[in-house]
Amino acid sequence: MTDERFDSSVSTTCGYCGVGCRLEAHVRDGRIVSISPALDGPANEGHTCLKGRFAHQFSRSRDRLTAPLIRESGGFRLATWEEATARIVAELTRIKDSYGPDAIAGLASSRATNEDCYAMSRLMRATIGTNNIDNCSRVCHSPTSFALRRSLGLSGATGSFSDIDVADAAIIIGANPTEGHPVVGARIKQATLRGLRLVTIDPRRIELADYGVLHLAPRPGTNAAVMLGLCHVAARDGLTDPSFIAEHTEGYDELTELLESYSPQAVEEITGVAAADIETAAHIYGEAPNASILWGLGVTEHKYGSEVVQLICNLALMTGKLRRAGSALLPLRGQNNVQGSSDMGALPDTYTAYRRVDDEEVARSFEEAWGVPLSRKVGYTVPQMFDAAVAGDLRAMWIFGEDVAQTDPNTAHVIKALENLEFLVCQDIFETETTKYADVILPASAFLEKSGTFINAERRFQLVAPALDPPGSAKTDFEILTSMSRALGHEMGWESPSDTMDEIARLTPEYGGTSFERIGRAGLQWPVAADGTDSPTLYLDGFPLPGGRARFAALPYKAPGDSADAEFPLILITGRRLQHYNAGTMTRRTANIELVDREWLEIHPDDAAKLWVENGDLVSVRSRYGRIECEARVTDRIEAGHVFTAFHFPEVRTNLLIGPSADVNTGCPEYKVTAVDVRPVSEQAARTPALAGQA
Amino acid sequence: MSRNLVELVRRTHVRDAPTALEVLKEAVDSRGEITDDDRRAAAAASGLPEAAVYGVSTFYDDLLVPRGRRHVRVCTGTACFAASGNAHVDELRAKLGLELGERREDRSLSLAETVCLGFCHSSPAIRDGDLVDAGDGALERIIAGETRQAVEPDWVSVLDEPVLTRPGDWSGLGAALDAHTPESLLADVKAATVRGRGGAGFPAGDKWAFARGAPGEAKFIVANGDEGDPGSYIDKYLMERNPALVLEGMALAGYAVGAEHGFILTRSEYPLSKPALEQAVAEGHERGMLGDDINGSGFCFDITVLEGAGSYVVGEETALLACVEGLRGTVSARPPFPAVRGLYGLPTVVNNTETLANIPFIARFGAEGYLALSPGASSGSKMVCFNERFARPGVYEVRFGTPIRELCEELAGGMRDGRSIKALQIGGPLGGILPASQLDTPFDFDELAALGCMVGHGGIVGFDDRTDMRALARHLLRFGAHESCGKCFPCRIGLRRAHDMFDSVAPVDRARLEELLEALEVGSLCAHGGGMPAPIRSLLAHFPDELGLR
Amino acid sequence: MEVTVDGRAVEVEPDATILTAIRAAGSDVPTLCFDERQAPFGACRVCLVGVEGARMPLPACTTPCREAMVIDTRDETSRRVATAIVELVLSELPAAPEPHTELATIARALDVGTPRWPGQTHDVDHDSRHPYLAFQHELCISCGRCVRACDEVQGAFALTATGRGFAANIAAGLDKGFRESSCVSCGACADTCPTDAITEITLLPL
């Protein structure tokens, strides 16, 4: 449809969350004036949310980085690309020569395209010679990836969002889709109104709980016990699928033995969820002809997050609810390309499609393609990078599209690491908390300015197309990475991101048939066969694990890394709000800030009364690791004993509160369980003193 | 109607919550107006979103007019128009010093328009609080603050064995539970060819059969007592004077269809109807003819009595269901028909109250007895009523096929004060206008349809020889435009434009009018927009010289 | 089942509407209240078509196909009435709709110019208190698309139809604007509006 109001309209894919809405960006006079959802978008079906549709003005914010900056005499000065390149080449060469390639590390971004992430990992592996490459999915969904590979074989949702439309029942655990993934949240809400029997499991009473048939509010950090309880009831009450178990799985006996200790009563003790509700939930899921499970960071960002994902897999496996429409496991990926950044091998231990760097055959295929020898040594994960920097083993970092000083936990430690580096390159679209520590800042491009692909939470490759040019002398990330590699002596040999995808497809059997042309408007869900056939539903031909069998995981409940005590009596949960996105770098530079202009702490009326906190009061929130201040809002959407806030505002720096506890398998930080002390901050006493107990 | 809103209401209904409309009505009844707090309370109670409640609060007439401590409502129905050309309205406005829809600043008094109070036998009718005064002297009494309840004439049946005017005694239900299976009762009702008495004339047995055959975890019977036709007060009589007969018909429908719950919706313009029905429901329970395990048969049936809030289109079945659910009373496209997807999305029979009042007779005497009532004509009997212009206005039970002249002249005694019949409007505002020259037409579905008229609901409004036919067209179109639910475009805008044409002093461009009437007839979603052209077409055919055409 | 549209046979699913069949056959009828993302509504009556054996034209969007149905999108009565309806719709607006709107596009296609109906139009009433979404109530034609987008697509239930008859319009929440309602700012209402009665503020003429 042509519309005389616009100079051009470009079909692309949203750069906010992992839903992957297809969008039409409408341009006039070199600016986006409107974005509308693509009617044929497979994940969004003609809908999108306020971020995808409206929050695009950041792309022409006056704060955009439009030229390289170089640190000089305690500050930054504008520089040319030649100067910036020379500085980077000189410093990285010096450090590599003095300390070896493993003294350098790179961070790719789940915000960037597949091609950018692949280029970034090639920059580290081939150009520098180290496997010190990771990406920010480390701090969100690495436990999902780890667990799905362990239990089922592949690191991705087993089905598609369309499974929601045909499921009879669903469980959502540790996710708040109507805020974090609004288009999927809307889809789930519609499904419940048509009769989907939804069970929500979350310490907070999320909006979808109002539309579901049952809400369970376990204590933070006790998801494992809930899942074990559901499996216990499923096994006890014959809700299992014995032929599926016999044909497609191994390890069931070990699991059943473990499950004996997780009766609903035992689980009630651990989780605070009524035993009867555990029974009901198990029956809702187990008795539905088709049922799906969705989860988010409320499952993964825990000390045993990856184990909980394995326990989720147990439930689906024992009831045989996989491999068909309506019966899927659907992790709700946070960022637009959480799936792709890891799929593309921006990880310290794997090349594309999770093939290990110490797998000789795989490593040789990349050596052959890239014409350089490659390290077989597994590199640093993100937290290890910061530890190594603090220890002095890591000397230089290249951080691409991430604000680790704002979003990563244990912020003081991160800052210490950044300060300790000899050389830090930041490649970003704005100055951030992290760029304060940079030596060179490279002005990069936003998703509306680049070409490439993202992979959404359904494993779907989708095209990203530029609607705008990068501002000033900012460049696309593709151009920056390929030209820097060239300057560092390694020619990647691609003219456009399409060439990069062709290389990825050539070197990765799982994506063998992928190309920009085939992705087209409908996308392709991996695995993609050489002839271009894609895979909306996984495991139709069995599980890609030894014997073709999925694996049950007999993992007991273990207590989270932090717990309330006399000094820190409340548990802080962190999460997202609809109007903003992650560090707020983008959304705070749009009119979304008019809709929500501040952070707040949600607190239960009983706790508020005990603490003399009134709605709107400024409160101090103190953990074992830091202290912040923000406004309090009293709500019964949260259980007593818990408080909640988001992390979108640098003024609040929520992540100062988060400690070093992390997932035991992947190092994903435990953002969801932090013991805190909350008290009002005020120059004058808030109330007349009174005897305790009267509140 | 939004499936999601219906689902939200259904979820709340499980807890037997009041509907949003009931909460809003209560607010306006008790405090004279609706505030946002009332709307929020209605949302919380009903399960509806606040916006949807706001939409409800702007739809129904009763909710829109602020009320004083004394609230006077003047009838502007067609019978009152026929009596005085609505001169009484102007006089009342002048004497009370209030425009229609206004309230005195001190809240002592408010004035509103209402269509119609069902006192068409003695116009003008004026309601003061819950008292309705009507006829000679009513205006003066209202102005003087001496309102008194008007007397209503008894009804008359010309049948030896009355069907509808026989006091309901639950004997039909008792007989059916003894002698009938649900299937055999349904078969009898089908064989009796009971045509709907609400206007459309659809065979009731067919509706029942569809609902019986439709899958659903529960089914409902909804009795349509929203007798909005100006000039008609038949349902009013049934609901107030013979409510048990209607309720018995509902229970029989429930038995035949497999429904255990019924709703009957009466009009807020009939303040006596809801209490009468509620009392009859209570008596039904006392007699063991409503409730669980009726007469030891295992059949359970209960009835909820509801009241509308001022909307003519709510008489249309999909709008009626929306109103029962407490939603905006707008029309929905069919299919799906209520028999398949009705109240709360479940199979529902919607029958007019008079239609249901026929069923106990069939249950007792079978289809044959019923078919014999009106020899050579449609089956059963029919209630008709006459307006104040007639010498003996009132409600009569008559046989189908009776010549209209006989009804008007012999039963109703012709026009009063020695005047002559100029024309009749039969069956409500969507019925064509029958000129005096066609009075020999038999009163029956097909014969009237052939003349662009209808049996409709059976109200017969006579216009005497003084009637200004252009004013009548304007009167009808004003009503039509005011009552348009606003859903379909032709009706929403077209009736307004048609009214504008007659409201202006300029001559009416006949070609443009006909273009508009075609758009209304062909394009409208329901019988309101589709039917409003019928009387206008009759006027064009029979009184073209009086309409100021060009 | 098979139906015929403008002389061409086309195979459709058992639950298909006439409109689905028309589009499957490569024909078209104008629509105003229809949006493929929403359930058919049947309000605008612009999609009337002729159907063999039917007493009157039928709305394509809400009428189910029947086996061997013969559909004529060029039926004269249907097109004449559709044109009359579009003229009526234009007559309720105080100004002609912007050229890019669906209403203007359909008016051009049906060759409806300035409406010949004098009389009342909707009162100008603007609300731009939301950072992205603006109401221009006078342009509302009560097609219900915004209300249904908010209900059937987003599930925010922030919008409602208001009033009735000619005075029908729309409101957010308790008619205190989007920000005081349950609106989640998804913009689906603006996206579907065929007249710009709800539109993005950035797209309003300066």
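If you read the sequences in order, they're chains A, R and Y. Residue numbering for the first sequence follows the numbering used here, beginning at 1 and increasing consecutively. Residue numbering for the second sequence follows the numbering used here, beginning at 1001 and increasing consecutively. Residue numbering for the third sequence follows the numbering used here, beginning at 2001 and increasing consecutively. Glycine residues also receive a C-beta, built at the ideal position from the N, C-alpha and C atoms. Quick caveat: nothing in here was measured; it's all calculated off a predicted structure.
What are the partner residues of residue i, as DSSP defines its beta bridges?
i                       : result
residue 1383 of chain R : R/1397
residue 1442 of chain R : R/1403
residue 1264 of chain R : R/1223 and R/1305
residue 200 of chain A  : A/172 and A/215
residue 643 of chain A  : A/572 and A/603
residue 331 of chain A  : A/295
residue 1133 of chain R : R/1126
residue 2169 of chain Y : Y/2162
residue 23 of chain A   : A/12 and A/37
residue 1390 of chain R : R/1415
Helix, strand or coil for residue i, going by three-state DSSP, please let me know.
i                       : result
residue 93 of chain A   : helix
residue 216 of chain A  : strand
residue 248 of chain A  : helix
residue 2200 of chain Y : strand
residue 1122 of chain R : coil
residue 1352 of chain R : strand
residue 385 of chain A  : helix
residue 2047 of chain Y : coil
residue 695 of chain A  : Any reading at residue 695 of chain A is ruled out, since the residue's pLDDT is 38, under 50, leaving its predicted position unreliable.
residue 398 of chain A  : strand
residue 49 of chain A   : coil
For residue i, does the count of other Cβ atoms within 10 angstroms reach 16, so buried, or fall short, so exposed?
i                       : result
residue 1425 of chain R : buried
residue 45 of chain A   : buried
residue 1507 of chain R : exposed
residue 151 of chain A  : buried
residue 98 of chain A   : exposed
residue 467 of chain A  : buried
residue 1528 of chain R : buried
residue 1530 of chain R : buried
residue 2154 of chain Y : buried
residue 223 of chain A  : buried
residue 615 of chain A  : exposed
Just to make sure I have the definition right: I need the residues of chain D whose C-beta is within less than 8 Å of the C-beta of residue i. Which are they?
i                       : result
residue 1004 of chain R : Among the chains of the structure shown, chain D does not appear; the protein chains present are A, R and Y.
Note down, in chain order, each residue of its chain lying with its Cβ closer than 7 Å to the Cβ of residue i, except the 5 sequence neighbours on either side.
i                       : result
residue 596 of chain A  : 577, 579 and 580
residue 699 of chain A  : What is shown of chain A runs 1 to 695, which leaves residue 699 of chain A out entirely.
residue 2150 of chain Y : 2156, 2157, 2158, 2159, 2188 and 2189
Can you name, in chain order, every residue of its own chain whose Cβ lies under 6 Å from the Cβ of residue i, other than the five neighbours on each side?
i                       : result
residue 1273 of chain R : 1239, 1240 and 1266
residue 1015 of chain R : none
residue 172 of chain A  : 200 and 294
Kindly list the residues whose CB is nearer than 8 Å to the CB of residue i, restricted to its own chain and excluding five residues on each side of it in sequence; keep chain order.
i                       : result
residue 1093 of chain R : 1099, 1100 and 1111
Item to complete: Using a Cβ-Cβ cut-off of less than 8 Å, give me the residues of the stretch 2162-2195 of chain Y that come near chain A, in sequence order.
Response: 2179, 2184, 2185, 2186, 2187, 2188 and 2191
Practice prompt. Could you list the residues in the stretch 23-56 of chain A with a C-beta less than 8 Å from some C-beta on chain Y, going in chain order?
Written response: 33, 34, 36, 37, 39, 45, 46, 47, 48, 49, 50, 53 and 54
Discussion item. Please identify, using Cβ separations under 9 Å, the residues of the stretch 2092-2105 of chain Y that lie next to chain A, in order along the chain.
Written reply: 2098, 2099 and 2100
Discussion item. Please identify, using Cβ separations under 7 Å, the residues of the stretch 1328-1359 of chain R that lie next to chain Y, in order along the chain.
Written reply: 1328, 1333 and 1335
Worksheet item: Given a limit of 7 Å on CB to CB distance, which residues of the stretch 1485-1501 of chain R reach chain Y?
Response: 1485, 1486, 1487, 1488, 1489, 1490, 1492, 1493, 1494, 1496, 1497 and 1500
Worksheet item: Closer than 8 Å, Cβ to any Cβ of chain A: which residues of the stretch 1004-1019 of chain R, in chain order?
Response: 1004, 1007 and 1008
Practice prompt. Taking a Cβ distance cut-off of 8 Å, strictly less, list which residues of the stretch 1509-1520 of chain R are near chain Y, in chain order.
Written response: 1512, 1515, 1516, 1518 and 1519
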